[in-house]
Structure formats: structure tokens, C-alpha cells
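Going down the list, the protein sequences come from chains A and B.
Residue numbering for the first sequence is 3 to 194, as defined by my numbering.
Residue numbering for the second sequence is 9 to 173, as defined by my numbering.
Cβ coordinates follow ideal geometry from the N, Cα and C atoms, glycine included.
Here the structure is a predicted model, which is why all the values come from computation and not from measurement.
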Amino acid sequence: MHSSVARLPPHPEDEAREALARGDHREALTVLMQAYGRDLHRHCYQVLRDRDLADDVHQTVFVQAYRDLPGFAGRSSLRTWLYGIARHRLMDAMKIGSRWRRRFVRVEPLPEAADERPRADDALADGAEAHALAAALAQLSVDSRIAVLLRFREGMTFEEIGAVCREKPATVQARVARALPRLRAALSGGER
Amino acid sequence: MKDADLERGFEQLGDGGGPPEDWQDEVLARIAAAPPRRAPWPLVLAGASLVAATAAVTLFFVLRAPDKPPARPAPAATERAEALFERLEGAVYGLARTKDRAYRQLLDAHTEAERALAEKALEDARRELEQVQQQLMKAKIRMPRLDGGKIRVKCDPNDPLCGVE
């Protein structure tokens, strides 16, 4: 019929679901790792701002995904499902990190152990919006940070973010709307 | 401040350099090294045992028939009250018979002396019967409850026949 029409490569979502239908979970995982591995790592890093921790959480997400793939109900896309797992692991990592800091924080910080997070003023002096934004994001709650990043960095709709966070889209939208003025204020600080 | 700056800021956010080269192999190695997930049978068994034990204890307490209160021997006061009641009741019947007999004697009297004697006997019987009936009316004995409640006898405490408190 239309032999001249070039066949599109299969969408990773469809490819992974076909592998799942065959019962080939390892193949499904491989497809997911190739399709979403890099984006998911970036998301982990931008939430945690810690390279080693992000690597660990990133791998843990896929290990858990492989374990839970047989129970995947298909109510959402596999991508959303993966980000949902990542959200839980990221929150765990943040919780453990804050607990560790509470227990082992020094009363008098060492001179060289100052806060490594980029300060908004310094970042703006360099003229880098990204650094100021990273500093402002670090001030948000984990839930808000994840929601904002999913919306503006990963390009998810509020429905998808709601599925990731197990919340109503309107709730997520309100959370993002509350966070945006703080981010804008952080960025506009350099224009004063 | 424009939203374009915000969007540019998000685009320029660092990505941490991407995942390590061999991260997929590491994930597969971690999966291979992880022990297979087993059903938590010990936990399930412990839970089931706990539920069964709770159900058995509940059933035991629910099905156990409540013990009837042991039959208590009638207190002495009750016995005395019953004896008094029977005695007065017997006296009433006896005096009623005496009164009937006196009335019959009065009807059968042929002489004035017999008539006077019969009238006196009838009057005595009637008076005595009234007295006993009054005593019987006063001695309203309330039977004790099965659970051994306090016995109350409604009678004049100054009455020598009221032997029951």
C-alpha cells in the first residue's frame, strides 16, 4: 500500500508495554532506562543538588521499578510511574539527609565547610539566572521543588504531576503558583 | 522580571553531568544481587495466629452462659413472716367456722337462755375474727427477692405480733 511511508520508530512507552505483555521485564526495564534514564537523573540531581546522592537514588529508582513492574497496573504512563517512584525515593533521601545533618551538625562550622549552595547574590553577580534559581529552589519545600521542576524542567502537565504526586492537579497547580513568586523574586533581585 | 528569564533559568539549571557511564550495568548488577522478594510468611502466620487467638477468647466470653445466682436459703426473717401469715390465716378460717357454728346455734335456740348464750358466742367470735383480720391486714408481708434483697414487713413495730423487721 504505502510502502514509501517511512515507519516511525516505536515509542519507548509502547515498546516497554509490549515487553511487559510478553513478560519480559528485563527488556522493559532496559527500554525504560534508555528512554528516561538521563532525564530522571537530571531530575534527581536538580532536586538533591548532590551528585553522589543523585546517582544512588537514580539507580534505586530503576531497581525498584524492575521489582514492581509485574504489578504495574497501567493507570498512568510508565514515565509518570517512574517519576512517582523517584519522588518517593527523593523524599526519603532528603529526610535521611536532614536527619543526618540534625544529628551530626557541628556547633561551630569549619571555615572551609561553609554552605556550598550558591547564594543568590553571588550568583546574580555572575549574571547566571540558573544559579540564582538553584538557590531559590533549595529554599522551597521538597514537594514544591519537585512540582516546580516537573512542570518547568520536565515539561509535565499538572495532570501528570498530580499522578506523580498522588494529588489533585489543582492542588499541585496551587503549589506551583505559590512557589513561582519566590523564584521570580530571587531572579529579579539582580535587577534592582 | 519576565517569565522568559525564569524559563531560561530552568533551561540552564545544571544537570549534574548526567548519569555515570555504566549506570545501567550497575542497576542490573544490583537487581541480580538483590535477593528475590519472598512473601512474608512468618509475619502472615503470626498475624493469623493473633487473630485466631483473639477470636477464640472473644467467643469464649460471649458464649459462656452467665451463672445463675445460687439459690439462697430463705432468711430466718422470711420464715418467721411466713409462719405468722399462715398462723393468722388459719385463725381467720377457724374463727369464721366458730362464727358460723354460733350463728347456727342462735337459729336453733329454743329458749331464751340458749338464745342469749348463742348471741354471746356469736358476738365473741365476730369480735375475735375482726381482731385477727385486722392483724392480717397489718401484716402485709412482701416476699423477698431471689437475689436476697432486704425483707420488709409492713406492720406496726409496736405490735407484739410483728416479729419481722
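Within the segment 15–62 of chain A, complete alpha helix (DSSP H) segments of at least 4 residues are found at 27–50, given in chain order. With its beta carbon less than 9 Å from one in chain A, residue 38 (chain B) belongs to the interface.
Secondary structure of residue 167 (chain A) (DSSP, three-state): helix.
Contact with chain A is absent for residue 29 (chain B), since none of that chain's Cβ atoms lies less than 9 Å from the residue's Cβ. Under the Cβ criterion (8 Å, minimum of three pairs), the segment 138–146 of chain A does not count as touching the segment 33–43 of chain B.
Judged by DSSP secondary structure, residue 145 (chain B) falls within the alpha helix (DSSP H) whose first and last residues are 120–146. Between residue 14 (chain B) and residue 136 (chain A), the CB-CB gap reaches or exceeds 9 Å. Taking C-beta separations shorter than 6 Å and ignoring five residues to either side along the sequence, residue 63 (chain B) has no partners in its chain. Here the alpha carbon of residue 102 (chain B) sits roughly 14 Å from the alpha carbon of residue 111 (chain B). If you check each beta-carbon in the segment 15–29 of chain B against every beta-carbon of chain A, the ones closer than 9 Å belong to 15, 16, 17, 18, 19, 20, 21, 22, 23, 24, 25, 26, 27, 28. With a threshold of 16 other beta carbon atoms within 10 Å, residue 64 (chain A) meets it and is buried. At a cut-off of 9 Å, the C-beta of residue 151 (chain A) has a neighbouring C-beta in chain B. For residue 106 (chain B), same chain residues with a beta-carbon under 6 Å away, outside a window of 5 residues either side, are 133 in chain order. Residue 50 (chain B) carries a helical assignment under DSSP once its states are collapsed to helix, strand and coil. In the DSSP annotation of this structure, the continuous segment of the alpha helix (DSSP H) that includes residue 146 (chain A) starts and ends at 144–154. Straight-line measurement puts the Cα of residue 93 (chain B) at about 10 Å from the Cα of residue 143 (chain B). Neighbours of residue 178 (chain A) in chain B, taken as residues whose beta carbon is under 7 Å from its own, are absent, since the nearest beta carbon is some 12 Å off.
The criterion of a C-beta distance shorter than 9 Å is not satisfied by residue 126 (chain B) and residue 137 (chain B). Within a 10 Å sphere around the beta-carbon of residue 168 (chain A) sit fewer than 16 other beta-carbons, which makes this residue exposed.
If you look at residue 131 (chain A), you'll find it in the alpha helix (DSSP H) that goes 131–141.
At least one CB of chain A lies nearer than 9 Å to the CB of residue 42 (chain B). Neighbourhood of residue 189 (chain A) in chain B, by CB distance below 7 Å: 9, 13, 14, 17, in chain order. Contact between the segment 90–98 of chain A and the segment 53–71 of chain B is absent, with fewer than three C-beta pairs closer than 8 Å. Between the beta-carbon of residue 165 (chain A) and that of residue 82 (chain A) there is about 5 Å, and that keeps the pair under the 8 Å contact cut. Contacts between residue 90 (chain A) and chain B, judged by CB atoms closer than 9 Å, are missing: the closest CB pair is about 17 Å apart. Rounded to whole angstroms, residue 24 (chain B) and residue 52 (chain B) show a C-alpha spacing of 44 Å. At least one CB of chain A lies nearer than 9 Å to the CB of residue 35 (chain B). Within chain B, the residues placing a beta-carbon under 7 Å from that of residue 44 (chain A) are 23, 24, ordered along the chain. Between residue 152 (chain A) and residue 162 (chain A), the gap from beta carbon to beta carbon is short of 9 Å.
Closest in alpha carbon position to residue 104 (chain B), among B:55, B:48, B:141, is B:141. Boundaries for residue 42 (chain B): no alpha helix (DSSP H) harbours it, and the DSSP string shows neither H nor E there. According to the DSSP assignment, residue 84 (chain B) belongs to the alpha helix (DSSP H) that extends over 84–116. Chain-ordered, the chain B residues with CB closer than 7 Å to the CB of residue 185 (chain A) read 14. Taking a C-beta distance under 9 Å as the contact criterion, residue 138 (chain A) and residue 189 (chain A) qualify as a contact pair.
For residue 16 (chain B) and residue 21 (chain A), the gap between their C-alpha atoms comes out near 38 Å.
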